[in-house]
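Q: Structure incoming, see below.
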Amino acid sequence: MAFSRRDFLSTAVVGAVSLGLEGRDLEAEDRKKSDPSTSDSAAVAGKRPIIISAGNGFDYLDDAFAFLKNGGDTLDAALRVVKGPEDDPNDDSVGLGGLPNEEGVVELDSCCMHGPTRRAGSVGGVRNIKNVSLVARAAMEHTGHVMLVGEGAERFAVAQGFPRENLLTEHSRKIWLLWKETHSDWWGPGLSSPNWNKRLPAPPHAEEFERRIERMKQVASDIGIEPEQCMIAIRKVLFPPTGTIHCSALNEKGEISGTTTTSGLAWKLPGRCGDSPVIGAGCYTDQDVGSAGATGSGEENIKVAGAHTIVENMRHGMSPLDAGMDALKRIVRNYNGDMNRLRFIDMVYYVLRKDGSYAGVSLWDGYEPGKPHQIAVHDGTRRAEKTLSLFSGVSQEWPPLLP
Ligand code: GLY
Numbered sequence: 095m096a097f098s099r100r101d102f103l104s105t106a107v108v109g110a111v112s113l114g115l116e117g118r119d120l121e122a123e124d125r126k127k128s129d130p131s132t133s134d135s136a137a138v139a140g141k142r143p144i145i146i147s148a149g150n151g152f153d154y155l156d157d158a159f160a161f162l163k164n165g166g167d168t169l170d171a172a173l174r175v176v177k178g179p180e181d182d183p184n185d186d187s188v189g190l191g192g193l194p195n196e197e198g199v200v201e202l203d204s205c206c207m208h209g210p211t212r213r214a215g216s217v218g219g220v221r222n223i224k225n226v227s228l229v230a231r232a233a234m235e236h237t238g239h240v241m242l243v244g245e246g247a248e249r250f251a252v253a254q255g256f257p258r259e260n261l262l263t264e265h266s267r268k269i270w271l272l273w274k275e276t277h278s279d280w281w282g283p284g285l286s287s288p289n290w291n292k293r294l295p296a297p298p299h300a301e302e303f304e305r306r307i308e309r310m311k312q313v314a315s316d317i318g319i320e321p322e323q324c325m326i327a328i329r330k331v332l333f334p335p336t337g338t339i340h341c342s343a344l345n346e347k348g349e350i351s352g353t354t355t356t357s358g359l360a361w362k363l364p365g366r367c368g369d370s371p372v373i374g375a376g377c378y379t380d381q382d383v384g385s386a387g388a389t390g391s392g393e394e395n396i397k398v399a400g401a402h403t404i405v406e407n408m409r410h411g412m413s414p415l416d417a418g419m420d421a422l423k424r425i426v427r428n429y430n431g432d433m434n435r436l437r438f439i440d441m442v443y444y445v446l447r448k449d450g451s452y453a454g455v456s457l458w459d460g461y462e463p464g465k466p467h468q469i470a471v472h473d474g475t476r477r478a479e480k481t482l483s484l485f486s487g488v489s490q491e492w493p494p495l496l497p
């Protein structure tokens, strides 16, 4: 397969974008999305009951929707959706089979909020327990705390009857090994540091880049990565993904809940928690207003308290679409619209208002070409819709390519 740096680094929008707002008539797009004859993600007139989730929840919506429609609790319905990818060893962004930290250990994060009782639970950096979303609910229901982390959270889970198991699959172990043998490390200034670009050497020439990829392909083959998985693995090494699933559920009565779960940023430092276990960042639900959740660059989302910001925006009258776009613009503002940095950030918000209207918004169209970000929806009809993005093109996640 012919391969060039351009495959990774091409983005359609680079340059003079003042805080990312030019070029998109959001009001017009909002109106277009409100037209039920269009299929893309939407600020769609409300319908209840309804469940929304990240795209990887699509397969689990039918079961959860039937449960919700039959009077099941909104948080339990949302947990039914996210438990699917947590149990799936082939989803390497969540639960069993999640991509591990830099030491090859899978560490999971999750949180949940139960609207009707206005409660919250959260766990971070949990090892050896695959259904951390359920552990977060257990923390909410069986402790007086909101957040448990690390070894304490694992011991609590075991006390609650969750089985310990090895979460590292062969698939994820091999991609981690490829990263170990060809990686750049995490130490040094991060994306938001003024010294960030001092860490970046000049981009390699095309031939040098080709040689590097060939070297990685050889290492991948030696490790035993299947040829058809090779480029997928290399991309995950060069642009560590953050995966994650969020789900919010609203019933006929207007009760609403949300949950988010993840294995977090691949190859992270042990102990790193992203946004997913942070109430107000990875997930926020307010029974009076609605619910929001996030997938993508956790560090960036924590800094804008994304989910809470969105719910507060809706409280003050914004539509789900505008509320989500505003949170994205705050991330853009944090970088003064610097596209050289923003192109390393991937961010998706899933927004559900109490009246059943919803929106899926993203900073970029997708994480890689040809794979747009999607919001999965079930309101009687199950569907996957493209998110509405602030910028056209694909993100490249941190860290950037280093020779
Ligand atoms: N959004 C998941 C993470 O950054 O860990």
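Residue numbers (this note's numbering): 95 to 497. Backbone N, C-alpha and C fix where the C-beta goes; we use that ideal spot for every residue, glycine too.
Taking the alpha carbon of PRO364 as the point to measure from, which residue in ASP203, LEU169, SER147 and LYS423 has its own alpha carbon closest?
A: Answer by Cα proximity: ASP203.
Q: Using only the alpha-carbon positions, how far apart do ALA172 and ASP181 sit?
A: Roughly 15 Å separates the two Cα atoms.
Q: Sorry if obvious, but does the Cβ on THR389 come closer than 8 Å to a heavy atom of the ligand GLY?
A: Within the cutoff, so yes.
Q: Cutting at 7 Å between CB atoms, please list the residues of its own chain near GLY390, excluding the five before and the five after it.
A: Cβ neighbours of GLY390 beyond the five flanking positions: THR336, ASP440, MET441 and VAL442.
Q: Can you give me the start and stop residues for the beta strand (DSSP E) that GLN490 sits inside?
A: Segment: none, GLN490 is in no beta strand (DSSP E) and carries neither H nor E.
Q: Report the three-state DSSP secondary structure of ARG435 (helix, strand or coil).
A: Helix.
Q: To the nearest angstrom, how far is it from the Cα of ALA399 to the Cα of GLY374?
A: Their backbone Cα atoms lie some 6 Å apart in a straight line.
Q: If you pair each beta-carbon of the segment 160 to 174 with each one of the segment 478 to 487, do three or more pairs fall below 8 Å?
A: With the cut-off at 8 Å, the segment 160 to 174 and the segment 478 to 487 do not touch.
Q: Please specify which runs of the beta strand (DSSP E), each continuous and at least 3 residues long, are wholly inside the segment 233 to 280, giving them in chain order.
A: Segments of the beta strand (DSSP E) lying fully in the segment 233 to 280: 241 to 243.
Q: How about SER227 and THR379: are their beta carbons less than 9 Å apart?
A: Taking 9 Å as the Cβ cut-off, SER227 and THR379 do not qualify as a contacting pair.
Q: Hey, PRO194 and VAL188: beta-carbon distance below 9 Å or not?
A: Not in contact: PRO194 and VAL188 (Cβ atoms no closer than 9 Å).
Q: Terminal residues of the continuous beta strand (DSSP E) containing MET441?
A: Looking at the DSSP string, the run of the beta strand (DSSP E) that includes MET441 is 441 to 447.
Q: Taking only runs of the beta strand (DSSP E) that begin and end inside the segment 379 to 426, which ones reach a length of at least 3 residues, in chain order?
A: Counting whole runs of 3 or more residues, the segment 379 to 426 contains the beta strand (DSSP E) stretches 384 to 390.
Q: Please work out which residues of its chain come closer than 8 Å, Cβ to Cβ, to ALA233, disregarding the five sequence neighbours upstream and downstream, and give them in chain order.
A: Excluding positions up to five away in sequence, the list reads GLY215, SER216, VAL217, HIS239, VAL240, MET241, LEU242, ALA247 and PHE250.
Q: According to DSSP, simplified to helix, strand and coil, what is ILE307?
A: The answer is helix: DSSP assigns ILE307 an H, G or I state.
Q: Exposed or buried, which one is GLU349 when buried takes at least 16 other CB atoms within 10 Å?
A: Counting Cβ neighbours within 10 Å, GLU349 comes out buried, since at least 16 surround it.
Q: May I have the straight-line CA-CA distance separating ILE404 from HIS340, to the nearest angstrom?
A: Distance between the alpha carbons of ILE404 and HIS340: 15 Å.
Q: Name the two residues that bound the continuous beta strand (DSSP E) containing ARG174.
A: Where ARG174 is concerned, there is no enclosing beta strand (DSSP E), although the alpha helix (DSSP H) it sits in stretches over 168 to 181.
Q: In terms of alpha-carbon separation, which member of MET433, ASN407, PRO210 and GLY149 lies closest to LYS347?
A: Cα-wise, what sits closest to LYS347 is PRO210.
Q: Under 8 Å from any heavy atom of the ligand GLY, does the C-beta of THR336 make it?
A: Yes, the beta carbon of THR336 sits closer than 8 Å to at least one heavy atom of the ligand GLY.
Q: Count the other CB atoms within 10 Å of the CB of GLU479; is the residue buried (16 or more) or exposed (fewer)?
A: By the 10 Å Cβ count, GLU479 comes out buried.
Q: Grouping DSSP H, G and I as helix and E and B as strand, with all else coil, what is ARG212?
A: Coil.
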